[in-house]
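Asks:
Protein chains: 2
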Amino acid sequence: MKLNTKSRYAVMALADMAVFSNANAVSLRDISLRQGISLLYLEQIFLRLKKNNIVKSVRGTNGGYILIKSPKELKISDILLALDQKVKTIGCKKDSKKSCNGKSTKCITHNFWDELDIHINSFFENKKLSDLLKNKEARI
Amino acid sequence: MKLNTKSRYAVMALADMAVFSNANAVSLRDISLRQGISLLYLEQIFLRLKKNNIVKSVRGTNGGYILIKSPKELKISDILLALDQKVKTIGCKKDSKKSCNGKSTKCITHNFWDELDIHINSFFENKKLSDLLKNKEARI
DNA sequence: CAAAAACTTGACTATTTTAGTCGGGTATAT
DNA sequence: ATATACCCGACTAAAATAGTCAAGTTTTTG
Chain Y
225 MKLNTKSRYA VMALADMAVF SNANAVSLRD ISLRQGISLL YLEQIFLRLK
275 KNNIVKSVRG TNGGYILIKS PKELKISDIL LALDQKVKTI GCKKDSKKSC
325 NGKSTKCITH NFWDELDIHI NSFFENKKLS DLLKNKEARI
Chain Z
225 MKLNTKSRYA VMALADMAVF SNANAVSLRD ISLRQGISLL YLEQIFLRLK
275 KNNIVKSVRG TNGGYILIKS PKELKISDIL LALDQKVKTI GCKKDSKKSC
325 NGKSTKCITH NFWDELDIHI NSFFENKKLS DLLKNKEARI
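Dropping the structure here:
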């Protein structure tokens, strides 16, 4: 049970931006160098972050990306959502019919997995990007 | 981010046992029929559950498996552990050297992922198999 | 204006993981 | 004896992952 790298790198890259932007756009090249993430991969990730209004872009020389919300307001759940990284511990469908394992009734464990999803999602809902930066002055 | 089917089916199968065993061994065949899980797959899963002392087996006719602990004492985390289903949201290694992304220092998000792991694991630690059966009388 | 920096986008691919199946056992109750 | 049921390693098709590649467009600066 693990988060994919897209999600992890997205959070890492945005945290990097929060630290290093001084109201300026931050280029993917810089993030790539500081965080050790492939530039090409970052491009793919930021495409999604942009589409989902997490960042906006500035083209051209000295261009880069800018956080749309402040780190204090940006929830981690927003980031994960932008990358389709839903917490979905079960295969059971939420539909009324044929919900779990092809049966018409909810499976014996259904409610438990629902609880787990809620438990995890509330963690991401309550964490802001700024929370990641506490107690770690400009750690690179 | 999701649990694999082995883990889900394991929990489901053990919950089934908790409901349907009357101090008797429960055969995989019965579990397979009731829960709609492939018998062959169940065998593979129970092999692990047995190796990790979650269940014991009774061979021969009328054989099957028996829970070693009572549902009230069996933690969900024990089950997941038996199936190597560790919650490991990050790729960062815990080693002192080369911990995250090949750097010598912890990555900017390291502590956050650690917190998440703890958050999720505590959920599994605090849930017992018997907790899954509340409010659902013999739901199949 | 030319050139470099930096974003834009879709398509492609190797590797790994997942979700099982298969086949050939062994033990035991009746 | 024989049917039932556990035992166990090996195998495999399909999906997901973790990227790369190619071919752009836009904007700043010298």
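Chains Y and Z are the protein sequences, given in the same order.
The numbering used here applies: residue 225 is where the first sequence begins, and numbers increase by one.
The numbering used here applies: residue 225 is where the second sequence begins, and numbers increase by one.
For glycine and all other residues, C-beta sits at the position ideal for the given N, C-alpha and C.
Just the Cα atoms here: how many angstroms apart are K312 (chain Y) and F270 (chain Y)?
Replies: The residue given as residue 312 (chain Y) occupies position 88 in the first sequence. The residue given as residue 270 (chain Y) occupies position 46 in the first sequence. Going from the Cα of K312 (chain Y) to the Cα of F270 (chain Y) covers about 23 Å.
Asks: Quick check: what's the CA-CA separation for K230 (chain Z) versus R253 (chain Y)?
Replies: On the second sequence, position 6 is the one that residue 230 (chain Z) refers to. On the first sequence, position 29 is the one that residue 253 (chain Y) refers to. Answer to the nearest angstrom: the Cα atoms are 41 Å apart.
Asks: Within the same chain, show all residues whose beta-carbon is closer than 6 Å to that of Y265 (chain Z), passing over the 5 residues directly before and after it, in chain order.
Replies: On the second sequence, residue 265 (chain Z) is found 41 positions in, with the first residue counted as 1. Here the set comprises nothing.
Asks: Give every residue of the same chain whose Cβ lies closer than 8 Å to the Cβ of K280 (chain Y), excluding the five residues on either side of it in the sequence, and list them in chain order.
Replies: Taking the first residue of the first sequence as position 1, residue 280 (chain Y) is located at position 56. Closer than 8 Å at Cβ, skipping near neighbours: K274, Y289, I290, I292.
Asks: So, are the CB atoms of A237 (chain Y) and Q268 (chain Y) less than 8 Å apart?
Replies: Locating residue 237 (chain Y) in the first sequence gives position 13, where the first residue counts as 1. Locating residue 268 (chain Y) in the first sequence gives position 44, where the first residue counts as 1. The answer is no: Cβ separation not under 8 Å.
Asks: Roughly how many angstroms lie between the CA atoms of L305 (chain Y) and A242 (chain Y), to the nearest whole one?
Replies: Numbered from its first residue, the first sequence carries residue 305 (chain Y) at position 81. Numbered from its first residue, the first sequence carries residue 242 (chain Y) at position 18. Going by the C-alpha atoms only, they are around 19 Å apart.
Asks: Just to confirm before moving on: does the CB-CB distance between L357 (chain Z) and I300 (chain Z) stay below 8 Å?
Replies: Residue mapping note: residue 357 (chain Z) aligns to position 133 of the second sequence, counting from 1. Residue mapping note: residue 300 (chain Z) aligns to position 76 of the second sequence, counting from 1. In this structure, I300 (chain Z) does not lie closer than 8 Å to L357 (chain Z) by Cβ.
Asks: Cutting at 6 Å between CB atoms, please list the residues of its own chain near R272 (chain Z), excluding the five before and the five after it.
Replies: Residue 272 (chain Z) sits at position 48 when you count from the first residue of the second sequence. The answer, listed in chain order, is A306, L307.
Asks: The alpha helix (DSSP H) that contains I300 (chain Y), what's its start and end?
Replies: Here residue 300 (chain Y) refers to the residue found at position 76 of the first sequence. Segment 300-306, the alpha helix (DSSP H) holding I300 (chain Y).
Asks: In this structure, how does DSSP classify V250 (chain Z) when only helix, strand and coil are distinguished?
Replies: As a first step, residue 250 (chain Z) is located in the second sequence; it is residue number 26 there, counting from the start. If DSSP states are grouped into helix, strand and coil, V250 (chain Z) belongs with the strands.
Asks: Does the Cβ-Cβ distance between L340 (chain Y) and F336 (chain Z) come in under 8 Å?
Replies: Residue mapping note: residue 340 (chain Y) aligns to position 116 of the first sequence, counting from 1. Residue mapping note: residue 336 (chain Z) aligns to position 112 of the second sequence, counting from 1. Result no, Cβ atoms of L340 (chain Y) and F336 (chain Z) do not sit closer than 8 Å.
Asks: Check whether the Cβ of V279 (chain Y) lies closer than 8 Å to any Cβ atom in chain Z.
Replies: By one-based count along the first sequence, residue 279 (chain Y) stands at place 55. No, V279 (chain Y) does not count as interfacial toward chain Z.
Asks: Mapping the DSSP letters down to three states, classify L227 (chain Y) as helix, strand or coil.
Replies: On the first sequence, residue 227 (chain Y) is found 3 positions in, with the first residue counted as 1. In the structure shown, L227 (chain Y) sits in coil (DSSP, three-state: anything other than H, G, I, E or B).
Asks: By DSSP's criteria, I290 (chain Y) is part of a beta bridge. Which residues make up the other side?
Replies: Counting from one through the first sequence, the residue named residue 290 (chain Y) turns up at place 66. Partner(s): Y:K280.
Asks: The alpha helix (DSSP H) that contains K310 (chain Y), what's its start and end?
Replies: In the first sequence, the residue the question calls residue 310 (chain Y) occupies position 86. Where K310 (chain Y) is concerned, there is no enclosing alpha helix (DSSP H), given that its DSSP letter is neither H nor E.
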